[in-house]
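Accompanying notes for the structure given below.
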Amino acid sequence: MIKHYRFLLVALIVSINCFSQSKKAVAPSLYYPSLHSWEKRSPESVGLSASAIQEAIKIAQQAESPNPRSMEENHYKTFGKEPFGDGIGPFEDRGDQTGIIVYKGYKIAEWGNPLKCDMTHSVAKSFLSTVVGLAIDQQLIASVNDLVAPYIPSIELFVTNPVTKPAEQFKQTELLQPFNTPHNKTITWESMLRQTSDWEGTLWGKPDWADRPDVDPKKWLNRSRNIPGTVYEYNDVRVNALALAVTSVFRKPLPQVLKQSIMDPIGASSTWRWTGYRNSWIVLDGQPVQSVSGGGHWGGGMFIHAEDMARFGLLHLRNGKWNNQQLISENWIKQSKTPGPANPAYGYMNFFLNTNRKFLPAAPESAFVHIGNGNNAIYVDQENDLVVVLRWITQSGMNQTIGAILAAMK
93 MIKHYRFLLV
103 ALIVSINCFS
113 QSKKAVAPSL
123 YYPSLHSWEK
133 RSPESVGLSA
143 SAIQEAIKIA
153 QQAESPNPRS
163 MEENHYKTFG
173 KEPFGDGIGP
183 FEDRGDQTGI
193 IVYKGYKIAE
203 WGNPLKCDMT
213 HSVAKSFLST
223 VVGLAIDQQL
233 IASVNDLVAP
243 YIPSIELFVT
253 NPVTKPAEQF
263 KQTELLQPFN
273 TPHNKTITWE
283 SMLRQTSDWE
293 GTLWGKPDWA
303 DRPDVDPKKW
313 LNRSRNIPGT
323 VYEYNDVRVN
333 ALALAVTSVF
343 RKPLPQVLKQ
353 SIMDPIGASS
363 TWRWTGYRNS
373 WIVLDGQPVQ
383 SVSGGGHWGG
393 GMFIHAEDMA
403 RFGLLHLRNG
413 KWNNQQLISE
423 NWIKQSKTPG
433 PANPAYGYMN
443 FFLNTNRKFL
453 PAAPESAFVH
463 IGNGNNAIYV
473 DQENDLVVVL
483 RWITQSGMNQ
493 TIGAILAAMK
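256 is the number that the numbering used here gives to position 164 of the sequence shown; each next residue is one higher, with no gaps.
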């Protein structure tokens, strides 16, 4: 009798193991687009309402940004009115209102000009944040809580001035020292990433106070500095100081770092370009290198098409993993979308969070967005396995479009 029960027990264990292995064998693997193609599936084939997706596209197209298509004209109607607001980087006319919907990794819909490289404005900050994450992962920066100053030596500008200086420039510094003031010496990488550093100075001809200047001109030059980490202020001069700092850490152009470590492995095209300004050139190891910008505030920044943006969004949807490669650590992605104490709706450098569903009321609170002026947006929704790229759309149109897409899942 005992032998009989032992036989039944062994048979049951074997059956359970076989069933478990069978379930593992049929578990679907995550889909990633290949190097030169992206599988497109109909909404119905993945359980979505085709009519609801068409309604979402219609909403997006009707909510095109009313701003000029000329990015240069648009600049001088907005940021160009600021002190020292002249454009110093390239501008390019934009395309149509454009979008891509990616569900479970598959391309479900696209419209507009998904392969036109346009300025993406502050979405460039998310690429910058990713490059800083690579420096952390590679231990070029030991911790985000480290002070920036010890990592950054004096920086030589690349200029075509005469070999000898005129007498009136005698004793004037020829080197950039962007973290050498008493305040700037207290700044951490963390506070730079969260836009809470209150970095002070002038970089590439743009003073920190001239970017979105205070309504009271008396505060432009004579205010007290905030302790790093305590006050959030969106400021592109400081973002560009971060880009310069991490360029010094890598000792190579950031577009090369991004291309080799991120964009090539995810199968991005060869058409995207990350630029700086006409005067943002430095000397690194005997070579002229352009320090890139974190947006298009004075021109320049990331010029990229919607499909490459979608690949970047899918990388974040999958927590930094692409196929079998962990391109950027899952821990970095987690940190990037963690709310900061000074602004609970902002993570690391342009990770806009949906805290209390304020940014996008139609979306789940767990969603986040890489957002740039225009609007240009990469919506990442891990709860619904969804990535949406929207370009040249109003804020309300973006929220309504996302809501319509989510309605297609019901």
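The beta-carbon is built from N, C-alpha and C at its ideal position, and this holds for glycine as well.
Can you list, in chain order, the residues of its chain with a C-beta nearer than 8 Å to that of D377? Leave out the 5 residues immediately preceding and following it. R343
On the three-state DSSP scale, how would you describe G495? helix
Determine the DSSP secondary structure at P242, reduced to helix, strand or coil. helix
Could you check whether K217 and V331 sit closer than 7 Å to each other, using their CB atoms as the reference points? yes
Which of helix, strand or coil DSSP assigns to K116: A caution first: K116 carries a pLDDT of 46, below 50, which makes its placement in the model unreliable, though a value can still be read off. Correct three-state label for K116: helix.
CA nearest to the CA of G204, picked from I192, V338, G197 and W366: Comparing Cα-Cα distances from G204 to each of I192, V338, G197 and W366, the minimum goes to I192.
Taking 7 Å as the cut-off, decide whether the C-beta atoms of M451 and F443 are in contact. Looking at the sequence shown, residue 451 is not Met but Phe. Not closer than 7 Å, so no.
Reference P135; option with closest CA among W390, A499 and I200: I200
Inspect the CB distances between the stretch 479-496 and the stretch 234-242 and report whether three or more fall short of 8 Å. No contact exists between the stretch 479-496 and the stretch 234-242.
State the DSSP-derived secondary structure class of S218, mapped to helix, strand or coil. helix
Could you have a look at F460 and say whether DSSP puts it in helix, strand or coil? strand
For A434 versus I494, is the C-beta distance shorter than 7 Å? no
Within its chain, find whatever has a CB closer than 7 Å to the CB of V223; leave out the 5 residues flanking it on each side and keep chain order. V338, L346, V349 and L350
Starting from L376, trace the beta strand (DSSP E) both ways and give me its first and last residue. R365 to L376
Do A398 and T190 have their CB atoms nearer than 7 Å? If you check the CB distance, A398 and T190 come in under 7 Å.
My output table needs one value for F443: the three-state DSSP class, helix, strand or coil. strand
If you drop the 5 nearest sequence neighbours on each side, which residues of the same chain put their C-beta closer than 6 Å to that of N446? L452, A455, E457 and A459
Taking N411 as the reference, give the member of E475, T367 and M441 with the closest Cα. E475
Leaving aside the five residues before and after Y123 along the sequence, list all residues of the same chain whose C-beta is less than 8 Å from its C-beta, in chain order. E131, K196, G197 and Y198
Would you call the CB atoms of A360 and D308 closer than 7 Å? no
Alpha carbon to alpha carbon, how far is A155 from Q269? C-alpha separation (whole angstroms): 45 Å.
With a threshold of 8 Å on Cβ separation, who are the neighbours of F262 within its own chain once the five nearest residues in sequence on each side are excluded? none
Give the DSSP-derived three-state secondary structure of R133 in the structure shown. coil
So within the stretch 301-345, which uninterrupted alpha helix (DSSP H) runs reach at least 4 residues, ignoring any that extend past its ends? 311-314 and 328-342
Under 7 Å, do L285 and M394 count as touching if we go by C-beta distance? no
The alpha helix (DSSP H) with W281 in it runs from where to where? W281 to L285
Same chain, Cβ closer than 6 Å to P436, five either side skipped, listed in chain order: T447
Short check: CB of F183 to CB of G391, under 7 Å? yes
To the nearest angstrom, how far is the alpha carbon of L226 from that of A259? Each residue's Cα considered, the two are about 44 Å apart.
Short of 6 Å in beta carbon distance, which residues of its chain neighbour S477, apart from the five on each side in sequence? Order them along the chain. The sequence as given places Asp at residue 477; Ser does not occur at that position. Answer for D477: K196, listed in chain order.
Where D185 falls, given that 16 or more other Cβ within 10 Å makes a residue buried: exposed
Return yes when the Cβ of I358 is within less than 7 Å of the Cβ of L557, no when it is not. This structure cannot speak to residue 557, because the chain is shown only from 93 to 502.
Please name the residue or residues paired with L295 in a DSSP beta bridge. K298
In its own chain, which residues sit with a C-beta less than 8 Å from the C-beta of Y438, not counting the 5 before and 5 after it? R286, Q287, Y324, P431, G432, F444 and L445
Alpha-carbon spacing of I250 relative to N423, whole angstroms: Per the sequence shown, the amino acid found at residue 250 is Phe instead of Ile. Approximately 37 Å, taken between the alpha carbons.
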